[in-house]
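Written below as structure tokens is the structure these notes are about.
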Amino acid sequence: MIRARSLTGFWDGLTEPPIIPAAFAAGVAIALAHLAISLEIGVSLTYHESFTRSIFLALYPLGVAFMGLGAVLERRLCSRVPMPALTGSSLRAAGASLLVFLALALRVNFFVRSREELAVAGVLHLAALAAWFLSLGVAVASLLRAARQREDPRWVGCAWTAHLAGLLAGYAAIDSLVHAVGANAILLAVGASLLAASRGAPLLLALLLAAAPAVSLDARIEGLRDLSLLKRGEIRTMASSPDQASAGMVISLHQEMREVLFRGWSRFGYVQIGRMAHRGVRGFYNFVPQWEVPPADDPDIPLDMRWRALAYSVLRPSQRVLLLAAGGGRGVSCLPFPPHKGVTAVELNERVVRFLRDESPELNAGNFRKATAFAADARFAVDTSAEPFDAILVESGRFQNAQITAPAGSPQTLYTRESISRYLSRLRPGGLLLILFDGVFPTPFLEYFPMQAIQTLSESGVPFRVFAAAGKGSMFLAVAASSSPAVLKEVGRRTASLGSLPLHRVEWRPQTAKSPGHRIRLTDDQPFAPWNCMAASRKRSLSGAALLLAGISALLALGLGRPRLRPRPALDDPPILFFFLIGAAQVMMLIGGAYAYRSFFGDPVTTTIRFTVYSFAYGALGSLASRRLLEARRGRLFAAAAVLMGLHAAGLARIPFETGSAVMREILAALMLAPGGLFMGALFPAGISAASQEDLDRRLLADSLGAVAGCALVYLILLPGGIRAFLAAAFGLYAAALAVFPRLPRED
């Protein structure tokens, strides 16, 4: 009888009201839209400096706060509108808001010239995101309220599990969908599915996503993007520095690109590959020019490639060579011998590798087919290589895509102290490490990387030399290290043979050596080169804004917890502070954990997505066990929390980056992330289950405010203090949350 009643109750939750399907649909929508929104903003925001990007990308965590405000609005509406109608209306409003955001990203984007236009674009984007999250907040709050009203408190855990399952499904699928469908089409499909139907939204979404590639939906939408200023060459790129535009570097796509060969999305941004007016092939990331590969028979080889050819001429065909940050393969073209499978070329952007290796190999003379070319982060390639190399060549790769969290903290792990030490450890005796830097202008950011490399090599004790050539306003550096003095001497002799090049050998003297940023070491714990090189006044501005945001969030949360003119709450009613603390701690754990794992699954974005998927998967399992957390004795609760978080911290400290097997990486990650994921997943539904129904909205708002505060602490703890300090602060917030967590009376 009990079993039959339980099944009947479960079926009621699937039908009237539709708690489980709607919670799942909301989770899928949030997850799919997350990366797509980030990519859409990044397309036009990449043209701005890190300081500006950081300010305007703060609109995303601000938007998240509106989920909590949606919970407050839901409480005002729940007495007037039945739950199914309220949920359906709020999901449709969310769909309409997402479509408005897409229209703004296309037509009122950040390809602007004045600060006033930039401010208008930012305000409009924030308004659209606020409406998106506000509507989702109403929907999620109404679902949790309906689950809370059921007699069995386990319904809250089931509803939250369904929501996390939707998040998990969306994040698991987003990477493949970005490649196959495109960010434009994803936003359109998610918005249209929510707008058209609430109960059947997942099915309609699947149909739209399946049909989008067949009709080239993303390309059609992309054709609507306003590029008028960019096409006229009225916007300068930020290719030389995140804080200073390169002098005179203006790109006009209509004037220089003769034929577009490829358009599409990667997880890093919008990719274009085109044939230029001078017959060369050039790659653009978010419309910013990146690499160029000239035709094999072109007599006018670019100056940077001729400099590379001199530096690489010391190599021999029999050697095993690793070339990092390969771009479109121009470095492979500079080798003094035809590329072969002993040459491994590693490029971060998988769409570029796939296009030039598998679809149109003739565009770079088949370099990616003749060599062993694959897409990954440089550290991933070095850490997982099975055999040492005769030479490791680090190309000049410093592209910064706009990240949704903190562009000022965009990680640059290619040149960290640990990276360079790792390169040296992967060389055979007498092997050569050659780090190249193109376009080294006298700015703190561009001189920061070679100075960091030189400092690390000085500490390592490995002999090294710096070779520099200058001409036509450009500076080229080659930092060579080898345990063999003969190898270094030969590199010096080859790079001195400038011949007919319009270059002359110089002694490199960094002009920004006294800049405070150069005293901050670039390490795996603090790989934030844009932040390290940023002017002190701008650091203070960002830190001040973050402190203000965190302070306002905390004050609002404390205000929510003030006693009202009502009966004193029950002793087992979780305080508002509990939800604020776990909201901040969970965001910090996700951000800090993703940074700590860096490129464990191939590259930073893939790792972040995979890390998020594991966290939500374990969170869903933890939600199902949330009731046991409520009934545990306080001593046992603290002991269990200490054990789980201790295991999680130990896993973060011993991430097995050198594991080459993809299967073993998945198994090890699943094991190491389990303790923290289960613990984090149980806290929120446990608090909701114990909370009184009339204060549900304030709890959800406090959790959202905590998430905003956690994002603000990125600028206050993570960037200046490092990843370990940030994670330690997250652990401290969880400990504080447990200290104020109530305990339900145990049932005899």
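Residue numbers (the numbering used here): 1 to 748.
No residue lacks a Cβ here, since even glycine has one placed at the ideal position from N, Cα and C.
Note that the structure is a prediction, hence the values are computed from the model and not measured.
Integer-rounded CB distance, given that residue j should sit under 8 Å from residue i
i: P530; j: S228; result: Incorrect: roughly 29 Å between the Cβ atoms, too far for contact.
i: R699; j: G687; result: 7 Å
i: G331; j: L323; result: 5 Å
i: A469; j: L433; result: In fact, because the Cβ distance is near 19 Å, the residues do not count as touching under 8 Å.
i: M67; j: L136; result: 6 Å
i: R426; j: P388; result: 5 Å
i: G27; j: L164; result: 6 Å
i: L195; j: I186; result: Contact flag wrong, Cβ pair sits at about 15 Å.
i: S615; j: L652; result: The pair is not a contact, with the Cβ atoms about 13 Å apart (cut-off 8 Å).
i: G342; j: W291; result: In fact, because the Cβ distance is near 23 Å, the residues do not count as touching under 8 Å.
i: L69; j: L560; result: With a Cβ gap of about 12 Å, L69 and L560 do not count as contacting.
Per DSSP, cross-strand counterpart(s) of residue i
i: P21; result: In DSSP, P21 forms no bridge with anything.
i: I392; result: L322 and L433
i: H504; result: A470
i: V293; result: V281
i: G264; result: V271
i: F476; result: A469
i: F464; result: A481
i: M834; result: This structure cannot speak to residue 834, because the chain is shown only from 1 to 748.
i: V288; result: Y285
Boundaries of the beta strand (DSSP E) in which residue i is found, first to last residue
i: F580; result: It is not in any beta strand (DSSP E) - F580 instead sits in the alpha helix (DSSP H) that spans I576 to Y597.
i: R275; result: G269 to M276
i: F826; result: An answer regarding residue 826 cannot be provided, because it is not within the stretch 1 to 748 covered by the chain.
i: S537; result: Not the beta strand (DSSP E): S537 falls in the alpha helix (DSSP H), residues A536 to L560.
i: T612; result: T612 -> not in any beta strand (DSSP E); alpha helix (DSSP H) instead, spanning P604 to L624.
i: F374; result: T372 to A375
i: V346; result: V343 to E347
Test item: CB-CB of residue i and residue j under 9 Å
i: L32; j: I174; result: yes
i: I576; j: L555; result: no
i: F437; j: F476; result: yes
i: F657; j: R417; result: no
i: A127; j: S90; result: no
i: F133; j: G122; result: no
i: L621; j: G677; result: yes
i: A325; j: L205; result: no
i: H340; j: P361; result: no
i: A376; j: L348; result: yes
i: D218; j: G274; result: no
i: I392; j: G439; result: no
i: V43; j: F268; result: no
i: V72; j: D697; result: yes
i: F528; j: A408; result: yes
i: P336; j: A309; result: yes
i: L549; j: A736; result: no
i: A381; j: I420; result: no
i: Y415; j: F449; result: yes
i: M645; j: Y734; result: yes
i: L315; j: D390; result: yes
i: Q586; j: R521; result: no
i: S553; j: A130; result: no
i: F601; j: A669; result: yes
Alpha helix (DSSP H) segment containing residue i, residue limits
i: R494; result: P485 to A496
i: E418; result: R417 to S425
i: V100; result: M83 to R107
i: P656; result: Where P656 is concerned, there is no enclosing alpha helix (DSSP H), given that its DSSP letter is neither H nor E.
i: L188; result: A183 to A196
i: T456; result: P444 to S460
i: L356; result: Per DSSP, L356 belongs to no alpha helix (DSSP H) and is neither H nor E.
i: A128; result: R115 to R148
i: L204; result: A201 to A211
i: K231; result: S228 to K231
i: D703; result: L696 to L713
i: D218; result: L217 to E222
i: V382; result: A378 to D383
i: T523; result: Neither: T523 is in no alpha helix (DSSP H) and is coded neither H nor E.
i: R308; result: L303 to Y312
i: Y47; result: That residue, Y47, is in no alpha helix (DSSP H); it is neither H nor E in DSSP.
i: A386; result: No alpha helix (DSSP H) contains A386, which DSSP labels as neither H nor E.
i: E730; result: The question names Glu, yet the displayed sequence has Ala at residue 730. Element bounds for A730: I723 to A739.
i: S333; result: R330 to S333
*asked:* List, from N- to C-terminal side, the alpha helix (DSSP H) runs of 4 residues or more that fit wholly inside the stretch 56 to 83.
replied: 59 to 78
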